[in-house]
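**Q** The structure is given below, and queries will be raised subsequently.
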Amino acid sequence: MIDIRVFRENPEKVRDAINNKGIKNLDFNKILEIDEKRSSLLKEVEDLRNQRNKVSDEISKVDASERHKLIESASGIKNKLKEVEEEFEKVDLSFKELFMQIPNIPSVNMPIGQGEEDNLILRAWSKDSGVIENPSLEDASFVDKKKIAYLDHLELGKNLDMVDVERSAEVSGSRFCYLKNDAVLLQDAISYLLKKKLQMKGFMPIIPPLLVKEKALYGTSHFPEGKDQVYKIQNDNVEDGQDLYLVGSSEPVNFAYYMNSTFEEKEMPKKFYAQTTCFRSEVGSWGRDVRGIKRVHQFDKLEMNAISTPEMSEHIFNEFIEINEWLLQALELPYRVVNKCTGDSGYNASYFQHDLEVYRNATNEWMETMTATNASDFQARRLNIKYKTPEGLKFAYTLNDTGVAFGRILLAVMEHHQDGEGNIEVPEALREYLGKEKIVKIN
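Throughout, the numbering used here is defined as the position within the sequence shown, counted from one, plus 1169.
Spelled out as structure tokens, the structure:
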């Protein structure tokens, strides 16, 4: 959440952030009014408590003839205090519910815009052309294109016995899949390649829980805005009947591991990663990308996270992007790096955000495969993650990155590296793990 002092001292800055991020149905004037009422009630509560304490102190100092009047006065103050405290609690709850919906104030380096058409393309890469700076949003002329009739990943996956969405539909319903044979080996190889890189870069590996409490999701801004994307489990058989949710990313549970922590500045940054199975309802996307494994309810992802000081955060953000680009180049996939605009920046915690998108020759479209986000101190304020400085305690910065969403990367590798004869050429970086140069159909 944002600093409440910024909200009170510079409300126009906050109003602009709400508008620029395209957040609808959030009445900023109402939040200001509730905050004023909340402050007024809090002052009244404090005044009444002071009166109560003063009268209580006087009661012990007067004789019996005076005590009766003071006791009556104390009773009246007590009743009034209870009434005002109850009203304050209701107003305070309303304020907090609305305040939690206010987005992070974007960085000056985040373009202001309505949607993806206002994003900025920083650079692009393909194996043949190398790096191209500042291509246009529509430009894909640099992409390696073979003179073949491209099949999409679902046709390839079915022909090569790698992907089965028909059986998964019978077992689990739509938007699930079975990955088999070389699809599994490809995923394992990509995972091993990236994990090896991250360990060399000083990232701590984590295997986290996949079921979390609300506070982890609120703490990372996955709630309240993304609540319709998260699966809540029946809690009849859960200890104490508590509410638990399946993670849509390891980001909430990874950062929640450090909630209420205070670090020495010399301990920073904290860098860590987790590979988990993730679950998303995909509400709002029904009817979109329904073919194959691009947008499914269950998928595996390796997430990179970091906790840092503000001064370190730009370096770590760039390190995330460098790792993303290293992986895509190792997999020989044409991609572009996109500076996301305010209206297309993912979720409320975003302070600054880049996407990496891979080109799909089979469908002639760009597909998001990685997202790197600097959340500034927005999540750390909710999770109470601080560090010590000579000037006192400060809230840390948090950063997160989709190191690899495996379904989409598998899709991209399969489609881009097909040979026109129904086979898939294995990228050189993965051949030692698969023990083969080409995935071919065995008759």
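Just so it is clear, CB atoms sit at the ideal spot from N, CA and C, and this is done for glycine as well.
1) Any idea what DSSP makes of Pro1374, helix, strand or coil?
2) Identify the residues that DSSP records as bridge partners of Gln1444: which are they?
3) Leaving aside the five residues before and after Lys1605 along the sequence, list all residues of the same chain whose C-beta is less than 7 Å from its C-beta, in chain order.
4) Just the C-alpha distance for Lys1384 and Ala1186, rounded to the nearest angstrom, thanks.
5) List the DSSP bridge partners of Phe1521.
6) Tell me whether Val1312 is buried or exposed, calling it buried when 16 or more other Cβ atoms sit within 10 Å of its Cβ.
7) Put Lys1555 into one of helix, strand or coil per three-state DSSP.
8) In chain order, what residues of the same chain lie with their CB nearer than 8 Å to the CB of Phe1264, ignoring the 5 residues before and after it?
9) Label Lys1470 either buried or exposed according to how many other C-beta atoms from any shown protein chain fall within 10 Å of its C-beta, with 16 as the threshold for buried.
10) Tell me which residue opens and which closes the alpha helix (DSSP H) that Tyr1426 is part of.
11) Go through the segment 1391-1438 residue by residue and report every complete run of the beta strand (DSSP E) that reaches 3 residues or more, in order.
12) For the segment 1287-1367, list the alpha helix (DSSP H) runs that are entirely contained and at least 4 residues long, ordered along the chain.
13) If we count the other Cβ atoms within 10 Å of its Cβ and call it buried at 16 or more, is Lys1440 buried or exposed?
14) Would you kindly work out how many angstroms separate the C-alpha atoms of Val1399 and Arg1174, rounded to a whole number?
15) With a threshold of 8 Å on Cβ separation, who are the neighbours of Lys1364 within its own chain once the five nearest residues in sequence on each side are excluded?
16) Under the assumption that Lys1382 contacts Leu1413 (Cβ atoms under 8 Å), give the Cβ distance between them as a whole number of angstroms.
17) Just the Cα atoms here: how many angstroms apart are Gly1388 and Lys1249?
18) Determine which residues share a DSSP beta bridge with Phe1615 and list them.
19) Could you please give me the residues that DSSP links to Asp1570 through a beta bridge?
20) Hey, how far is the Cα of Ser1276 from the Cα of Pro1479?
21) Buried or exposed: which applies to His1523, given that a residue is buried once 16 or more other Cβ atoms fall within 10 Å of its Cβ?
22) Just verifying my parser: in three-state terms, what is the DSSP assignment at Asn1278?
23) Which residue marks the beginning of the beta strand (DSSP E) containing Val1507, and which one marks its end?
24) Along the chain, where does the alpha helix (DSSP H) containing Gly1388 start, and where does it finish?
25) Quick check: what's the CA-CA separation for Tyr1347 versus Val1609?
26) What does the Cβ neighbour count give for Val1300, buried or exposed, with the cut at 16 atoms within 10 Å?
27) By DSSP, does Lys1688 sit in helix, in strand, or in coil?
28) Quick one, which of Gly1572, Ser1545, Glu1436, Phe1432 has its alpha-carbon nearest Leu1562's?
29) Name the two residues that bound the continuous alpha helix (DSSP H) containing Arg1174.
30) If we ignore side chains and look at the alpha-carbon of each, how far apart do Glu1501 and Leu1329 end up?
31) Is it the case that the segment 1285-1295 contacts the segment 1218-1234, given that we only count it when at least three CB pairs across the two stretches are under 8 Å?
32) Restricting to runs no shorter than 3 residues, where is the beta strand (DSSP E) found entirely within the segment 1182-1229?
33) By a C-beta neighbour count over all protein chains shown, 10 Å radius and 16 as the cutoff for buried, is Leu1306 buried or exposed?
34) Along the chain, where does the alpha helix (DSSP H) that runs through Gly1576 open and close?
35) Quick one: grab the DSSP three-state call for Glu1483.
36) Classify Cys1297: buried if its beta carbon has 16 or more other beta carbons within 10 angstroms, exposed otherwise.
**A** If we stick to the structure as given:
1) Translated into positions along the sequence shown, residue 1374 becomes position 205. In this structure, Pro1374 counts as strand in the three-state DSSP scheme.
2) Against the sequence shown, residue 1444 aligns to sequence position 275. Here Gln1444 is bridged, per DSSP, to Leu1471.
3) For the purposes of this step, residue 1605 is identified with residue 436 of the sequence shown, where counting begins at 1. Val1595.
4) Within the sequence shown, numbered from 1, the residue matching residue 1384 stands at position 215. Within the sequence shown, numbered from 1, the residue matching residue 1186 stands at position 17. One C-alpha to the other measures close to 24 Å.
5) For the purposes of this step, residue 1521 is taken as residue 352 along the sequence shown, with counting starting at 1. Per DSSP, Asn1543.
6) What you label residue 1312 is simply residue 143 of the sequence shown in a count that begins at 1. Buried, since its Cβ has 16 or more Cβ neighbours within 10 Å.
7) The count along the sequence shown starts at 1 and reaches residue 1555 at position 386. Of the three classes helix, strand and coil, the one that applies to Lys1555 here is strand, per DSSP.
8) Numbered from 1 along the sequence shown, position 95 holds the residue referred to as residue 1264. Here the set comprises Ile1200, Ile1203, Asp1204, Arg1207.
9) For the purposes of this step, residue 1470 is identified with residue 301 of the sequence shown, where counting begins at 1. Burial call: buried.
10) Along the sequence shown, one-based indexing puts residue 1426 at 257. Segment: none, Tyr1426 is in no alpha helix (DSSP H) and carries neither H nor E.
11) Taking 3 residues as the shortest admissible run, the segment 1391-1438 contains the following complete beta strand (DSSP E) segments, listed from N- to C-terminal end: 1431-1433.
12) Unbroken alpha helix (DSSP H) stretches of 4 residues or longer found wholly inside the segment 1287-1367: 1322-1328, 1335-1340, given in chain order.
13) For the purposes of this step, residue 1440 is taken as residue 271 along the sequence shown, with counting starting at 1. Per the 10 Å Cβ criterion, buried.
14) Within the sequence shown, residue 1399 is the residue found at index 230, counting from 1. Within the sequence shown, residue 1174 is the residue found at index 5, counting from 1. Here the alpha carbon of Val1399 sits roughly 32 Å from the alpha carbon of Arg1174.
15) For this step, residue 1364 is matched to residue 195 along the sequence shown. Correct list, in chain order: Pro1374, Tyr1442, Gln1444, Leu1471.
16) Working through the sequence shown from its first residue, we reach residue 1382 at position 213. Working through the sequence shown from its first residue, we reach residue 1413 at position 244. The distance from the Cβ of Lys1382 to that of Leu1413 is about 7 Å, consistent with a contact at the 8 Å cut-off.
17) Start at 1 with the first residue of the sequence shown, and residue 1388 comes out as number 219. Start at 1 with the first residue of the sequence shown, and residue 1249 comes out as number 80. So the alpha carbons of these two residues sit roughly 35 Å apart.
18) Look at the range of the chain in this structure, 1170 to 1612, and you will see that residue 1615 is not part of it.
19) Counting from one through the sequence shown, the residue named residue 1570 turns up at place 401. Met1473, Ala1541.
20) In the sequence shown, the residue the question calls residue 1276 occupies position 107. In the sequence shown, the residue the question calls residue 1479 occupies position 310. Computed Cα separation, rounded: 12 Å.
21) The count along the sequence shown starts at 1 and reaches residue 1523 at position 354. The residue in question, His1523, is buried, as its Cβ has 16 or more Cβ neighbours within 10 Å.
22) In the sequence shown, residue 1278 corresponds to position 109, counting from 1. Annotated three-state conformation of Asn1278 is coil, per DSSP.
23) Within the sequence shown, the letter at position 338 stands for residue 1507. Start and end: 1504-1508.
24) By 1-based counting over the sequence shown, the position of residue 1388 is 219. In the DSSP assignment, Gly1388 falls within the alpha helix (DSSP H) that extends over 1383-1388.
25) Position 178 of the sequence shown, counting from 1, holds the residue named residue 1347. Position 440 of the sequence shown, counting from 1, holds the residue named residue 1609. Each residue's Cα considered, the two are about 19 Å apart.
26) For the purposes of this step, residue 1300 is identified with residue 131 of the sequence shown, where counting begins at 1. Taking every protein chain shown into account, the CB of Val1300 has fewer than 16 other CB atoms within 10 angstroms, so this residue is exposed.
27) An answer regarding residue 1688 cannot be provided, because it is not within the stretch 1170 to 1612 covered by the chain.
28) Within the sequence shown, numbered from 1, the residue matching residue 1562 stands at position 393. Ranked by Cα distance from Leu1562, the options Gly1572, Ser1545, Glu1436, Phe1432 are led by Phe1432.
29) The residue given as residue 1174 occupies position 5 in the sequence shown. Taken as a continuous stretch (DSSP letters only), the alpha helix (DSSP H) holding Arg1174 covers 1173-1178.
30) By one-based count along the sequence shown, residue 1501 stands at place 332. By one-based count along the sequence shown, residue 1329 stands at place 160. If you take the alpha carbons of Glu1501 and Leu1329, they lie about 21 Å apart.
31) Between the segment 1218-1234 and the segment 1285-1295 there are fewer than three inter-stretch CB-CB distances shorter than 8 Å, so the stretches are not counted as touching.
32) Fully contained in the segment 1182-1229 is no beta strand (DSSP E) run of length 3 or more.
33) Translated into the one-based positions of the sequence shown, residue 1306 becomes position 137. Burial state of Leu1306 is exposed, judged by a 10 Å Cβ sphere holding fewer than 16 other Cβ atoms.
34) Counting from one through the sequence shown, the residue named residue 1576 turns up at place 407. First-last of the alpha helix (DSSP H) with Gly1576: 1575-1585.
35) The residue labelled residue 1483 in the question sits at position 314 within the sequence shown. When DSSP states are grouped into helix, strand and coil, Glu1483 belongs to the helix group.
36) Position 128 of the sequence shown holds residue 1297. As written in the sequence, residue 1297 is Asp, which differs from the Cys given in the question. By the 16-neighbour rule on beta-carbons within 10 angstroms, Asp1297 is exposed.
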